[in-house]
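This is the structure in structure tokens:
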């Protein structure tokens with residue numbers, strides 16, 4: 007008869023090797039998935055910013071409709087608009103327009119169009135938040151690709 011001391015007791019649980027193997031597998035999965043999720047977030051922010059530029063462009067058109075076709079000198083005028091007779095109007099925008107990264111939307115009236123009118127220029131500095139003079143990550147309303 008064998009002694010009870012020589013018999014190995016099997017305890018429920020995982021060995022250190024099994025736990026390490028699971029951690030390695032989870033690490034590999036995370037390394038594959040996280041960059042894709044980050045890229046999707048970036049694309050979502052770019053799309054949201056393009057949509058915001060279009061919305062601000064419509065607000066500027068609404069303002070111009072009350073001012074003989076003249077757009078405002080600054081986006082601040084969308085917060086406290088006045089009509090062509092100088093009377094205050096209800097705000098067109100509730101707050102200063104911002105891009106998806108929380109940075110102010112940029113605005114300029116381009117009057118250098120050979121006497122053909124005024125072009126509204128709206129842009130965001132893009133994901134890096136730096137004015138790159140139209141570099142690839144800046145988002146605008148005049149380039150139909152949007153960057």
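Numbering (the numbering used here), first residue to last: 7 to 153. Using N, Cα and C, we set each Cβ at its ideal position, and we do this for glycine too.
Worksheet item: residue 69 by DSSP, collapsed to three states: which one?
Response: In the structure shown, residue 69 adopts helical secondary structure according to DSSP, grouped into three states.
Discussion item. Out of 144, 110, 99 and 124, which one is the CA nearest neighbour of residue 61?
Written reply: Of all alpha-carbon atoms in 144, 110, 99 and 124, the one lying nearest the alpha-carbon of residue 61 is that of 99.
Worksheet entry | Which of helix, strand or coil DSSP assigns to residue 83 | DSSP, read as helix, strand or coil, puts residue 83 in helix.
Item to complete: Look at the Cβ atom of residue 59, then the Cβ atom of residue 111, and state whether they are nearer than 8 Å.
Response: Taking 8 Å as the cut-off, the Cβ atoms of residue 59 and residue 111 count as close.
Worksheet item: What is the rounded straight-line gap between the Cα of residue 74 and the Cα of residue 126?
Response: Those two C-alpha atoms are separated by around 16 Å.
Worksheet item: Pick from 72, 31, 40 and 52: whose alpha carbon is nearest that of residue 144?
Response: Selected option, being the one with the closest Cα: 52.
Discussion item. Here's the rule I'm using: 16 or more other beta-carbon atoms within 10 Å means buried, otherwise exposed. How should residue 102 be labelled?
Written reply: Residue 102 should be labelled exposed.
Worksheet item: From residue 117 to residue 39, what does the alpha carbon distance come to, in whole angstroms?
Response: Using only the alpha carbons, I get a separation of about 48 Å.
Worksheet item: Pick from 115, 109, 69 and 137: whose alpha carbon is nearest that of residue 90?
Response: Per the Cα distances, 69.
Worksheet item: By Cβ distance, which residues of its chain are closer than 6 Å to residue 137, with the 5 residues on each side in sequence left out?
Response: For residue 137, where only same-chain residues beyond five positions count, the Cβ hits under 6 Å are 131.
Worksheet item: Out of 113, 96 and 49, which has the shortest C-alpha to C-alpha gap to residue 104?
Response: Out of 113, 96 and 49, the CA that lies nearest to the CA of residue 104 is found in 113.
Worksheet item: Looking at the structure shown, is residue 96 part of a helix, part of a strand, or coil, going by DSSP?
Response: Residue state, collapsed to three classes: coil.
Fill in: Sequence ranges, beta strand (DSSP E) only - wholly within the segment 100-125, length at least 3
Within the segment 100-125, the complete beta strand (DSSP E) runs of at least 3 residues are 112-116.
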